[in-house]
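Here's the structure we're looking at; comments come further down.
There are 2 protein chains.
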Amino acid sequence: MIDACDIAIVGAGSAGLSALRAVRRETDNFVIINDGPYGTTCARVGCMPSKALIEAANAFHMREVLDRFGVSGGQQLTVDIATVLRRVRRLRDAFVAGTLEFTNDLGERSIAGRARFLEADVLDINGRQLRAKTIILATGSRPVVPHEWTGLGTRVLTSDNLFEQQTLPIRMAVVGMGPIGVEIGQALARLGITVHGFQAGGFIGGLSDPAVNDTALALLREVFTLHTGARAQLEATDEGVRVHAGAHEVVVDQVLAALGRRPNLDDMGLEKLGVTLNRHGVPAVDPRSLQIGNLPVYLAGDANERRPLLHEAADDGHIAGYNALRPQPDCFHRRTPLMIAFTDPNIAVVGQRHADLDSDRVAVGTVSFENQGRARMAEENHGCLRVYAERSSGRLLGAEICAPRGEHMGHLLALAIQQQLTVRELLRLPFYHPVIEEGLRTALRDLSGQLDPIEGPDLAICDSPVG
Amino acid sequence: MIDACDIAIVGAGSAGLSALRAVRRETDNFVIINDGPYGTTCARVGCMPSKALIEAANAFHMREVLDRFGVSGGQQLTVDIATVLRRVRRLRDAFVAGTLEFTNDLGERSIAGRARFLEADVLDINGRQLRAKTIILATGSRPVVPHEWTGLGTRVLTSDNLFEQQTLPIRMAVVGMGPIGVEIGQALARLGITVHGFQAGGFIGGLSDPAVNDTALALLREVFTLHTGARAQLEATDEGVRVHAGAHEVVVDQVLAALGRRPNLDDMGLEKLGVTLNRHGVPAVDPRSLQIGNLPVYLAGDANERRPLLHEAADDGHIAGYNALRPQPDCFHRRTPLMIAFTDPNIAVVGQRHADLDSDRVAVGTVSFENQGRARMAEENHGCLRVYAERSSGRLLGAEICAPRGEHMGHLLALAIQQQLTVRELLRLPFYHPVIEEGLRTALRDLSGQLDPIEGPDLAICDSPVG
Numbered sequence: 025m026i027d028a029c030d031i032a033i034v035g036a037g038s039a040g041l042s043a044l045r046a047v048r049r050e051t052d053n054f055v056i057i058n059d060g061p062y063g064t065t066c067a068r069v070g071c072m073p074s075k076a077l078i079e080a081a082n083a084f085h086m087r088e089v090l091d092r093f094g095v096s097g098g099q100q101l102t103v104d105i106a107t108v109l110r111r112v113r114r115l116r117d118a119f120v121a122g123t124l125e126f127t128n129d130l131g132e133r134s135i136a137g138r139a140r141f142l143e144a145d146v147l148d149i150n151g152r153q154l155r156a157k158t159i160i161l162a163t164g165s166r167p168v169v170p171h172e173w174t175g176l177g178t179r180v181l182t183s184d185n186l187f188e189q190q191t192l193p194i195r196m197a198v199v200g201m202g203p204i205g206v207e208i209g210q211a212l213a214r215l216g217i218t219v220h221g222f223q224a225g226g227f228i229g230g231l232s233d234p235a236v237n238d239t240a241l242a243l244l245r246e247v248f249t250l251h252t253g254a255r256a257q258l259e260a261t262d263e264g265v266r267v268h269a270g271a272h273e274v275v276v277d278q279v280l281a282a283l284g285r286r287p288n289l290d291d292m293g294l295e296k297l298g299v300t301l302n303r304h305g306v307p308a309v310d311p312r313s314l315q316i317g318n319l320p321v322y323l324a325g326d327a328n329e330r331r332p333l334l335h336e337a338a339d340d341g342h343i344a345g346y347n348a349l350r351p352q353p354d355c356f357h358r359r360t361p362l363m364i365a366f367t368d369p370n371i372a373v374v375g376q377r378h379a380d381l382d383s384d385r386v387a388v389g390t391v392s393f394e395n396q397g398r399a400r401m402a403e404e405n406h407g408c409l410r411v412y413a414e415r416s417s418g419r420l421l422g423a424e425i426c427a428p429r430g431e432h433m434g435h436l437l438a439l440a441i442q443q444q445l446t447v448r449e450l451l452r453l454p455f456y457h458p459v460i461e462e463g464l465r466t467a468l469r470d471l472s473g474q475l476d477p478i479e480g481p482d483l484a485i486c487d488s489p490v491g
Numbered sequence: 025m026i027d028a029c030d031i032a033i034v035g036a037g038s039a040g041l042s043a044l045r046a047v048r049r050e051t052d053n054f055v056i057i058n059d060g061p062y063g064t065t066c067a068r069v070g071c072m073p074s075k076a077l078i079e080a081a082n083a084f085h086m087r088e089v090l091d092r093f094g095v096s097g098g099q100q101l102t103v104d105i106a107t108v109l110r111r112v113r114r115l116r117d118a119f120v121a122g123t124l125e126f127t128n129d130l131g132e133r134s135i136a137g138r139a140r141f142l143e144a145d146v147l148d149i150n151g152r153q154l155r156a157k158t159i160i161l162a163t164g165s166r167p168v169v170p171h172e173w174t175g176l177g178t179r180v181l182t183s184d185n186l187f188e189q190q191t192l193p194i195r196m197a198v199v200g201m202g203p204i205g206v207e208i209g210q211a212l213a214r215l216g217i218t219v220h221g222f223q224a225g226g227f228i229g230g231l232s233d234p235a236v237n238d239t240a241l242a243l244l245r246e247v248f249t250l251h252t253g254a255r256a257q258l259e260a261t262d263e264g265v266r267v268h269a270g271a272h273e274v275v276v277d278q279v280l281a282a283l284g285r286r287p288n289l290d291d292m293g294l295e296k297l298g299v300t301l302n303r304h305g306v307p308a309v310d311p312r313s314l315q316i317g318n319l320p321v322y323l324a325g326d327a328n329e330r331r332p333l334l335h336e337a338a339d340d341g342h343i344a345g346y347n348a349l350r351p352q353p354d355c356f357h358r359r360t361p362l363m364i365a366f367t368d369p370n371i372a373v374v375g376q377r378h379a380d381l382d383s384d385r386v387a388v389g390t391v392s393f394e395n396q397g398r399a400r401m402a403e404e405n406h407g408c409l410r411v412y413a414e415r416s417s418g419r420l421l422g423a424e425i426c427a428p429r430g431e432h433m434g435h436l437l438a439l440a441i442q443q444q445l446t447v448r449e450l451l452r453l454p455f456y457h458p459v460i461e462e463g464l465r466t467a468l469r470d471l472s473g474q475l476d477p478i479e480g481p482d483l484a485i486c487d488s489p490v491g
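Here the protein sequences come in this chain order: A and B. In case it helps, the working numbering puts the first sequence at residues 25 to 491. In case it helps, the working numbering puts the second sequence at residues 25 to 491.
Following this line, the structure appears as structure tokens:
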């Protein structure tokens, strides 16, 4: 016997729950199928616990700067990592509980189990067969761990089990210096752990602008060693793990593998869809509709390998859910790309990346935060921001940032880029005084001077003369 | 003998220096006249030293929350207020030095002395007479101190001499809870001083939205007592100053008067201009051109009583300088209003104030930060943000904020309002996760739900269907 429904959502993570929300508004004829723990990647092992760890690390780090303000005793502060991790889990549990509410009341429309395609419109879940008119795949992703490291057991952690540790050792390596690696690496180092970071390439934290990357490297190296340009190899020792990378070698107690994430689409029988799969087993999707080919199948969230970010996964779910309800899918304008790594200072990439620009057609404005007024007041005067504009039109294209309050300037620039503003138009914003955003203004004026060397007020002249 | 020049700038503060910059680009035929200390109000006694004090106070305040993160020893931290004030002055001196560079190389085109009008186009400076084709008045403002308080000597401080103190007493009153009063009051309290705040009216920090104001009152009252609704009277005692306000009475060692500022235009002979002066002796100006009537006289900066803010003073100077060089003045589009008080959490008012809205035509979106995700991670989950939109069009009009990182959300909202975005358009911004800006999104969704109850994805549908 084959059960049947209109819509089957596979995966109850951020994208799946967002699709569920869209679908439930219009029909009860759906099921949602989830394999493994409930609660989203974001809430369980991602954005939320990592930020709880980082805020604790940054609070402890204050001991390094308190005396500059006239505050004594900072060097006597101590941190208990077990307590920090307990707080992380307590906060995490509250956030996970919030996500469970969405599926708790679904009764038999919520199915726990692993879904496999039997036909393009029939799924097997623990031996039960289900035919669905439309299927939304939102199966998420999992951390990449090289096969040869699996023998190292708990000496190799990933974000899946890092926050489950009761405490952490005094020597750790973080292998992979992408957005997750840099922010967790810095946090661990600020908590007093001796950290060694490894990155196979030269760029870290999702950056591609060499000047901003150099700034980020220098600032992170103030608290931990960071080796770039060679792939790290691990080897078990009596005491822990020996990490080799190029000429460098170090022994640590535990390693955090932060090598990226891979889609949970293997062993799902996707070949039954009759479409081409890439080398990760992922079919092509239209990013604006999330449809796979012309099939009534949608691929949303981390599983589509587009942008493994909460806000993009939520949009994916909305789009897939919206389209699953309609005979003909609509396509949607996607948001301006925005990536933030919550290091201190923050790393952010907005709009077009430096690496994707045509340097002949683009002007670059730069600011250093060494002498920026507000940053000096707050003893956080370090960092660099570069903003890119099209020479012919003056239109803002993107920015890369490693600067204090970079997360906020990232949002401001994302809005300007989304509205297709020119540099001069953004300069009409009120930049209050004294704020970090005045540093952004310096970069914009640098850019404006290159595009139009005639200096004048930022303000626009009214059309008609006075009087 | 009467000297003559094309342009006379009176005042070398933020507005005057900004006018100087505009004028110098096109002519050498100018003088700049300054009475009293050089260096701008902002750098000497305003934004900059206050922020240096606030950052120190906030650093010391961390001792109250460190244990929540798992960090011990916070209660052993001590602060030395004399050291804090020395740091304030050291930073201030560097910023003041920066402003002096603009006039140091002017030779006899920079005149120290007090200017008075002898005729509409003739100034007297220390007995020297100067005829100018165009005059820019940028004479700034000074703190208001009631006449009857002058007998109390140094028991009554203003922002002019607060930062000059070698140390501060253990009991202080701050009279006037506008933007300056609230931020300095909270900073003094966080430095361990017992502070009593007094406000004659009911609103504080420049706010006019009752809900946001109530939040600000409650949060500030966590560190100091705050009496609203009665005018404070001072009386010298043997030990210090007795402050009465309504039924309340307290004895303190020193009082900070933060009652606002008044234009430095008295005793300047402005009656020679033949235009009407208001009760503060200030002539009317067109805010878009800064011209006084049809005279070749411009009034820029704090002296015009428009908005006593650095970025507005700088624009004023640009506009006045630009227009002073031209036979016929142009008018300029002014920036979206933005006011920030650097309390923690920040207070901000953007665009139209709540008090100026027509409540029948406006919808209000609200968010509390009690349960906001990122705010919880950072142990700063308190505050309120309210955003206003026109019901008929959905266009954003303004916001009032007392929330963590309010200064940054203020800039983001200012850009949205300046670009005349609707609520739905701003919801297309990428709101990263987890950030404080997601709290703003909650308020926008609240607003959006009132304007258009049909829920759907934030994203815009493309014009053409897929495929």
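Beta carbons: idealized from backbone N, C-alpha and C, even for Gly. Quantities reported herein were computed from a predicted structural model and do not represent experimental measurements.
Output yes if chain A places a C-beta closer than 9 Å to the C-beta of residue 476 of chain B; else output no. Numbered from 1 along the second sequence, position 452 holds the residue referred to as residue 476 of chain B. No, residue 476 of chain B does not count as interfacial toward chain A.
Can you tell me which of B/223, B/464, B/353 puts its alpha carbon nearest to the alpha carbon of residue 487 of chain A? Mapped onto the first sequence, residue 487 of chain A falls at position 463. Of the candidates B/223, B/464, B/353, the one whose C-alpha sits nearest the C-alpha of residue 487 of chain A is B/353.
The beta strand (DSSP E) spanning residue 54 of chain B covers which residue range? Translated into positions along the second sequence, residue 54 of chain B becomes position 30. Here the beta strand (DSSP E) through residue 54 of chain B covers 54-58.
Distance, Cα to Cα, residue 323 of chain B vs residue 405 of chain B? Position 299 of the second sequence, counting from 1, holds the residue named residue 323 of chain B. Position 381 of the second sequence, counting from 1, holds the residue named residue 405 of chain B. Rounded to whole angstroms, residue 323 of chain B to residue 405 of chain B spans 44 Å at the Cα level.
Locate the alpha helix (DSSP H) running through residue 336 of chain B, then write down its first and last residues. Counting from one through the second sequence, the residue named residue 336 of chain B turns up at place 312. Residue 336 of chain B -> alpha helix (DSSP H) spans 334-348.
Span separating the alpha-carbon of residue 169 of chain B from that of residue 206 of chain A: Working through the second sequence from its first residue, we reach residue 169 of chain B at position 145. Working through the first sequence from its first residue, we reach residue 206 of chain A at position 182. C-alpha separation (whole angstroms): 53 Å.
Local Cβ density within 10 Å of residue 175 of chain A, reported as buried at 16 or more and exposed below that: What you label residue 175 of chain A is simply residue 151 of the first sequence in a count that begins at 1. Burial is judged here by how many other beta carbons sit within 10 angstroms of a residue's own beta carbon; residue 175 of chain A has fewer than 16 and is exposed.
Local Cβ density within 10 Å of residue 288 of chain B, reported as buried at 16 or more and exposed below that: For the purposes of this step, residue 288 of chain B is taken as the residue at position 264 of the second sequence. So residue 288 of chain B counts as buried.
If the criterion is Cβ atoms closer than 9 Å, does the pair residue 278 of chain B and residue 195 of chain B meet it? Along the second sequence, one-based indexing puts residue 278 of chain B at 254. Along the second sequence, one-based indexing puts residue 195 of chain B at 171. In this structure, residue 195 of chain B lies closer than 9 Å to residue 278 of chain B by Cβ.
What distance in whole Å lies between the Cβ atoms of residue 155 of chain A and residue 286 of chain A, which are believed to be in contact at a cut-off of 8 Å? As a working note, residue 286 of chain A is residue 262 in the first sequence. As a working note, residue 155 of chain A is residue 131 in the first sequence. The pair is not a contact, with the Cβ atoms about 29 Å apart (cut-off 8 Å).
For residue 157 of chain B, which residues in chain A fall below 8 Å Cβ to Cβ? On the second sequence, residue 157 of chain B is found 133 positions in, with the first residue counted as 1. Per Cβ cutoff of 8 Å: no residues; residue 157 of chain B is ~18 Å from chain A at best.
Using 9 Å as the limit for Cβ to Cβ distance, is residue 490 of chain B near chain A? Along the second sequence, one-based indexing puts residue 490 of chain B at 466. Residue confidence is low: residue 490 of chain B scores 47 on pLDDT, short of 50, so the model does not pin down where it sits. Its coordinate-derived value is still stated next. Chain A contact via Cβ: present.
Which of helix, strand or coil does DSSP assign to residue 294 of chain B? The residue given as residue 294 of chain B occupies position 270 in the second sequence. Looking at residue 294 of chain B - three-state DSSP - the assignment turns out to be helix.
Would you mind working out which of B/44, B/69, B/298, B/454 sits nearest residue 187 of chain B, comparing C-alpha positions? Numbered from its first residue, the second sequence carries residue 187 of chain B at position 163. Comparing Cα positions, the closest option is B/69.
9 Å Cβ cutoff, residue 486 of chain B in contact with chain A: What you label residue 486 of chain B is simply residue 462 of the second sequence in a count that begins at 1. It does: the Cβ of residue 486 of chain B has a partner Cβ on chain A nearer than 9 Å.
I'd like to confirm the pairing. Which residues does DSSP put opposite residue 280 of chain B in its beta bridges? Stepping through the second sequence from its first residue, residue 280 of chain B is reached at position 256. Its beta-bridge partners are B/181, B/198.
Any Cβ of chain A within less than 9 Å of the Cβ of residue 71 of chain B? The residue given as residue 71 of chain B occupies position 47 in the second sequence. With 9 Å as the cut-off, residue 71 of chain B counts as an interface residue toward chain A.
Using a cut-off of 8 Å between C-beta atoms, extract the partners of residue 435 of chain A located in chain B. The residue you call residue 435 of chain A lines up with position 411 of the first sequence. Chain B residues near residue 435 of chain A: 432, 436, 453, 454, 455, 456, 459, 461.
Quick check: what's the CA-CA separation for residue 395 of chain A versus residue 119 of chain B? Position 371 of the first sequence, counting from 1, holds the residue named residue 395 of chain A. Position 95 of the second sequence, counting from 1, holds the residue named residue 119 of chain B. When rounded, the distance between both Cα atoms is 10 Å.
Do you know how far the Cα of residue 42 of chain A is from the Cα of residue 491 of chain A? As a first step, residue 491 of chain A must be located in the first sequence, where it is residue number 467. As a first step, residue 42 of chain A must be located in the first sequence, where it is residue number 18. Residue placement at residue 491 of chain A is poorly supported in this model, since its pLDDT is 42, which falls under 50; the coordinates are not used for a value here.
Within-9 Å CB hit, residue 356 of chain B to chain A: Taking the first residue of the second sequence as 1, we reach residue 356 of chain B at position 332. Closer than 9 Å to some Cβ of chain A, the Cβ of residue 356 of chain B qualifies, so yes.
At least 3 beta-carbon pairs within less than 8 Å: the region 90-108 of chain B vs the region 93-103 of chain A: Verdict: yes, contact present.
Contact under 9 Å by Cβ, residue 160 of chain B with residue 344 of chain B: Counting from 1 along the second sequence, the entry for residue 160 of chain B is found at position 136. Counting from 1 along the second sequence, the entry for residue 344 of chain B is found at position 320. Yes.
For residue 227 of chain A, which residues from the same chain have a beta carbon less than 7 Å from its beta carbon, with the 5 sequence-adjacent residues on both sides left out? Taking the first sequence and counting its residues from 1, one reaches residue 227 of chain A at position 203. Only 237 meet the Cβ criterion.
Sorted by chain position, which residues of the same chain lie with C-beta nearer than 6 Å to residue 260 of chain A's C-beta, five sequence neighbours on each side aside? Position 236 of the first sequence, counted from the start, is the residue given in the question as residue 260 of chain A. Around residue 260 of chain A: 176.
Which stretch, first to last residue, makes up the beta strand (DSSP E) that contains residue 165 of chain B? What you label residue 165 of chain B is simply residue 141 of the second sequence in a count that begins at 1. Annotation: the continuous beta strand (DSSP E) that includes residue 165 of chain B extends over 165-167.
Flag this pair as yes or no: are the beta carbons of residue 401 of chain A and residue 269 of chain B separated by less than 9 Å? Translated into the one-based positions of the first sequence, residue 401 of chain A becomes position 377. Translated into the one-based positions of the second sequence, residue 269 of chain B becomes position 245. Contact flag unset, no.
Euclidean distance between Cα positions of residue 35 of chain B and residue 411 of chain A: Sequence index remark: in the second sequence, residue 35 of chain B carries index 11 (1-based). Sequence index remark: in the first sequence, residue 411 of chain A carries index 387 (1-based). When rounded, the distance between both Cα atoms is 36 Å.
Can you name the residues of chain B whose CB is closer than 9 Å to the CB of residue 104 of chain A? Counted from its first residue, the first sequence places residue 104 of chain A at position 80. Correct list: 94, 95, 96.
Classification of residue 204 of chain A by the beta-carbon crowding that lies within 10 angstroms, buried from 16 upward: Taking the first sequence and counting its residues from 1, one reaches residue 204 of chain A at position 180. Buried, since its Cβ has 16 or more Cβ neighbours within 10 Å.
Just to check my reading of the structure: residue 210 of chain A and residue 368 of chain A have Cβ atoms closer than 8 Å, yes? What is that Cβ distance to the nearest angstrom? Within the first sequence, residue 210 of chain A is the residue found at index 186, counting from 1. Within the first sequence, residue 368 of chain A is the residue found at index 344, counting from 1. Right, their Cβ atoms sit about 7 Å apart.
For residue 52 of chain B, which residues from the same chain have a beta carbon less than 8 Å from its beta carbon, with the 5 sequence-adjacent residues on both sides left out? Taking the first residue of the second sequence as position 1, residue 52 of chain B is located at position 28. Excluding residues within five positions, the ones whose Cβ falls inside 8 Å are 133.
Below 8 Å on the Cβ atoms is my guess for residue 438 of chain A versus residue 362 of chain A; work out the distance and round it to an integer in Å. Translated into the one-based positions of the first sequence, residue 438 of chain A becomes position 414. Translated into the one-based positions of the first sequence, residue 362 of chain A becomes position 338. Indeed, because the Cβ distance is near 5 Å, the residues count as touching under 8 Å.
Ignore the nearest five residues each way along the sequence and tell me which others in residue 485 of chain A's own chain have a CB closer than 8 Å to its CB. Here the question's residue 485 of chain A lines up with position 461 in the first sequence. There are no such residues.
Which word fits residue 143 of chain B, buried or exposed, when buried means at least 16 other C-beta atoms lie within 10 angstroms of its C-beta? Here residue 143 of chain B is taken as the residue at index 119 of the second sequence, counted from 1. By the Cβ neighbour-count rule, residue 143 of chain B is exposed, with fewer than 16 other Cβ atoms within 10 Å of its own.
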